[in-house]
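Trainee: Quick note: to get my numbering, add 8 to the position in the sequence shown (first position is 1).
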Amino acid sequence: MDSDTFREFGKAAVDFIADYMDSIRDCDVLSSVAPGYLFDLLPKEIPEKPEDYKTILKDIHDVIKPGITHWQSPNMHAFYPTASSFPSIVGEMLSAGFGVIGFNWICSPACTELEVVVMDYLAKFLNLPKEFMHSSEGPGGGIIQGSASEAVLVAVIAARDEAVRRIKAERPDMSESDIRGKLIAYSSDQSNSCVEKAGVLAALPIKLLPTDDDLILHGETLQKAIEEDISNGLIPVICIATLGTTGTCAYDDIVTLGPVCQKYNVWLHVDAAYAGATFALDEYAHLRFGMEMVDSFNFNMHKMLMINFDCTAMWLRDANRVIDVFSVDRIYLKHKYEGQSQIPDFRNWQIPLGRRFRALKVWITLRIYGAEGLRTQIRKHIELAKRFERFVVADERFEIVFKSTLGLVCFRPKGANEITTNLLARITERKKIYLIQANHKAKHFLRFVVCGMDPKEHDIDFAWQEIQQQLCELLQPDSKQSVPAALEDNVKNEKEEIVFGKSEIGAITQQLSNDLHISVGCEKSK
Numbered sequence: 009m010d011s012d013t014f015r016e017f018g019k020a021a022v023d024f025i026a027d028y029m030d031s032i033r034d035c036d037v038l039s040s041v042a043p044g045y046l047f048d049l050l051p052k053e054i055p056e057k058p059e060d061y062k063t064i065l066k067d068i069h070d071v072i073k074p075g076i077t078h079w080q081s082p083n084m085h086a087f088y089p090t091a092s093s094f095p096s097i098v099g100e101m102l103s104a105g106f107g108v109i110g111f112n113w114i115c116s117p118a119c120t121e122l123e124v125v126v127m128d129y130l131a132k133f134l135n136l137p138k139e140f141m142h143s144s145e146g147p148g149g150g151i152i153q154g155s156a157s158e159a160v161l162v163a164v165i166a167a168r169d170e171a172v173r174r175i176k177a178e179r180p181d182m183s184e185s186d187i188r189g190k191l192i193a194y195s196s197d198q199s200n201s202c203v204e205k206a207g208v209l210a211a212l213p214i215k216l217l218p219t220d221d222d223l224i225l226h227g228e229t230l231q232k233a234i235e236e237d238i239s240n241g242l243i244p245v246i247c248i249a250t251l252g253t254t255g256t257c258a259y260d261d262i263v264t265l266g267p268v269c270q271k272y273n274v275w276l277h278v279d280a281a282y283a284g285a286t287f288a289l290d291e292y293a294h295l296r297f298g299m300e301m302v303d304s305f306n307f308n309m310h311k312m313l314m315i316n317f318d319c320t321a322m323w324l325r326d327a328n329r330v331i332d333v334f335s336v337d338r339i340y341l342k343h344k345y346e347g348q349s350q351i352p353d354f355r356n357w358q359i360p361l362g363r364r365f366r367a368l369k370v371w372i373t374l375r376i377y378g379a380e381g382l383r384t385q386i387r388k389h390i391e392l393a394k395r396f397e398r399f400v401v402a403d404e405r406f407e408i409v410f411k412s413t414l415g416l417v418c419f420r421p422k423g424a425n426e427i428t429t430n431l432l433a434r435i436t437e438r439k440k441i442y443l444i445q446a447n448h449k450a451k452h453f454l455r456f457v458v459c460g461m462d463p464k465e466h467d468i469d470f471a472w473q474e475i476q477q478q479l480c481e482l483l484q485p486d487s488k489q490s491v492p493a494a495l496e497d498n499v500k501n502e503k504e505e506i507v508f509g510k511s512e513i514g515a516i517t518q519q520l521s522n523d524l525h526i527s528v529g530c531e532k533s534k
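Here it is in structure tokens:
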């Protein structure tokens, strides 16, 4: 492919992406394919002769797109958002064009230095303590990792090896294997699965401490566990706290966890993959309380900052604690500028050697939207979640399980767990919207999360109508036929007033929307 053909292919691909985003609401959010669908549609080996890009684009539309779950659709309400935006997509394209493998400064100075710049931008945007900034006098700073899973694993491994070195110096009579066999780490029973996986990969047992009814890990619980383990000869290493737990977006109590970790020389890492973006909002300043006691911190830019996956920001109060563990020098990695304090070798802050030029898409997105635009985006997610919560509260058939937090609403239909499970099954089968369920104290509930590239109020309304309609049909299987029949009986007399209840109005508007392929709404009167 020469540059002229590349221009044609690239422009066609951009048009394809733009058209896809413009029409994404027309797609069922979940695919209708069966497992293994693609194996029979594609050849069994590489084509012997070159193929035209137009044929490939057609196959992407006809073969690949039907098997896509549309994460950028505003009808996606499962898990947590995975953000994207046109500026970020362009940044990804430019990064691929440069083809940088920036494992040290000499490999591409702009790759390293732009990352230093944007990480300090973000630290200021999130109001982090100055110790986390590259521009501070201390050894702190930030790096872009691929995911929260990587950031947590880096913190766990660094804390583990730091503890081994410390104990060997304090107790020369103990072998390294004896020390490693006594190490123990802590997190909440509400923490993400990546915390458990980090423990597995680092060969470090992680206790998932029980939370109270508020689903928050408190310092008192951690202190009790640490003291019990110390009395049993174990060595506490690290506590991974969460701001924005996966199930309910609960916030662990950093203010009380911090002093406990300092007292027992335990590394405190905060995984704020989802909620970290709200550090930029004055109305959520309370979430930043206790950050002065945190050793490392991560949040996902690819959740609410309109920067596509993979892009996790991680900050270290003292980067040397990671560098001392992760540094591996080879003669081919040396250059005459290494060791300069203002120029980090990020390869020693992470697991892989090579690294992508992720800072480029971050820099472009920050400039296109500005701090004001980013804050507006975060607040929009929060307001849309409150809109959905109001719908739930107004319908006596549903209940709120936990008060809405950021873009998440936890709710359920009243009654047995079977109703919740069956309602979700109906919603999933129709594929118009996508939710998942969770449970707490044997009670199943649904998680509704504001997602998609550009969610709007009418998307929330559409989702609520779909949920109402499916509950109507679940509880009254003939309701789908009875509502249009009522309309049909009265359609000839336009002046006659027809009175319906809330659930019937929801069913009517949903069926009209489905049958006529237009958006139908209703105004609340008396």
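For each residue, glycine too, the CB sits at the ideal point set by N, CA and C.
Predicted model, so just to flag it, every value in this text is computed and none were measured.
(1) Where does N430 sit, in a helix, a strand or coil, going by DSSP?
(2) Kindly identify the DSSP beta-bridge partner or partners of V278.
(3) Between E474 and S412, what straight-line distance do the alpha-carbon atoms span, to the nearest angstrom?
(4) Which term fits V208, buried or exposed, when burial requires 16 or more other beta carbons within 10 angstroms of its beta carbon?
(5) Once the 5 residues before and after D70 are set aside, which same chain residues still bring their CB inside 6 Å of it?
(6) Do A193 and P213 come within 8 Å of each other at the CB atom, strictly closer than that value?
(7) When the distance is taken between beta carbons, is G266 closer than 8 Å to G241?
(8) On a Cα-Cα basis, can you pick out the residue from E16, F24, H85, S92 that is closest to D36?
(9) Quick test of your reading: N306 and A280, contact by CB under 8 Å. State the CB separation rounded to the nearest angstrom.
(10) Are there three or more Cβ pairs, one per stretch, closer than 8 Å when the segment 89 to 99 is compared with the segment 39 to 51?
(11) If contacts are defined as beta-carbon pairs under 8 Å, then M314 and Y377 qualify, I think. What distance do you get, rounded to the angstrom?
(12) On the DSSP letters alone, give me the boundaries of the beta strand (DSSP E) that A446 sits inside.
(13) Terminal residues of the continuous beta strand (DSSP E) containing H466?
(14) Pick out whichever of E397, G381, A327 has its Cα sitting closest to the Cα of Q350.
(15) Can you look up Q198 in the DSSP assignment and give me helix, strand or coil?
(16) Three Cβ pairs or more, each shorter than 8 Å: is that satisfied between the segment 414 to 429 and the segment 57 to 72?
(17) Please state if the CB of H389 and the CB of M312 are separated by a distance shorter than 8 Å.
(18) Could you name the residues that DSSP lists as bridge partners for H452?
(19) Starting from S412, follow the beta strand (DSSP E) in both directions and report where the run begins and ends.
(20) Quick check: what's the CA-CA separation for L374 versus G423?
(21) Based on DSSP bridge pairs, tell me the residues matched to K215.
(22) Below 8 Å, can you find three or more Cβ-Cβ pairs linking the segment 250 to 269 to the segment 165 to 177?
(23) Quick one, which of D220, W472, I151, P244 has its alpha-carbon nearest K190's?
(24) Is V458 helix, strand or coil by DSSP?
(25) In the DSSP output, what is Q153 paired with across the bridge?
(26) Could you give the first and the last residue of the continuous beta strand (DSSP E) run that contains P147?
(27) Could you tell me whether the Cβ atoms of V458 and F87 are closer together than 8 Å?
(28) Compute the Euclidean distance between the alpha carbons of L482 and R438, then round it to the nearest angstrom.
(29) With a 10 Å radius around its C-beta and 16 neighbouring C-beta atoms as the bar for buried, classify P218 as buried or exposed.
(30) Would H466 be called buried (16 or more neighbouring beta carbons within 10 Å of its own) or exposed?
(31) For L289, which of helix, strand or coil comes out of DSSP?
(32) Candidates K464, N135, K62: which alpha carbon is nearest N83's?
(33) With a threshold of 16 other CB atoms inside 10 Å of the CB of A211, please say whether the residue is buried or exposed.
Mentor: Considering the structure as presented:
(1) helix
(2) A249, F305
(3) 20 Å
(4) exposed
(5) none
(6) yes
(7) no
(8) H85
(9) 7 Å
(10) no
(11) 7 Å
(12) 444 to 448
(13) It is not in any beta strand (DSSP E) - H466 instead sits in the alpha helix (DSSP H) that spans 465 to 483.
(14) A327
(15) coil
(16) no
(17) yes
(18) N447
(19) 406 to 413
(20) 46 Å
(21) Y194
(22) no
(23) P244
(24) coil
(25) T320
(26) Element bounds for P147: n/a, residue is neither H nor E.
(27) no
(28) 13 Å
(29) exposed
(30) exposed
(31) coil
(32) K464
(33) exposed
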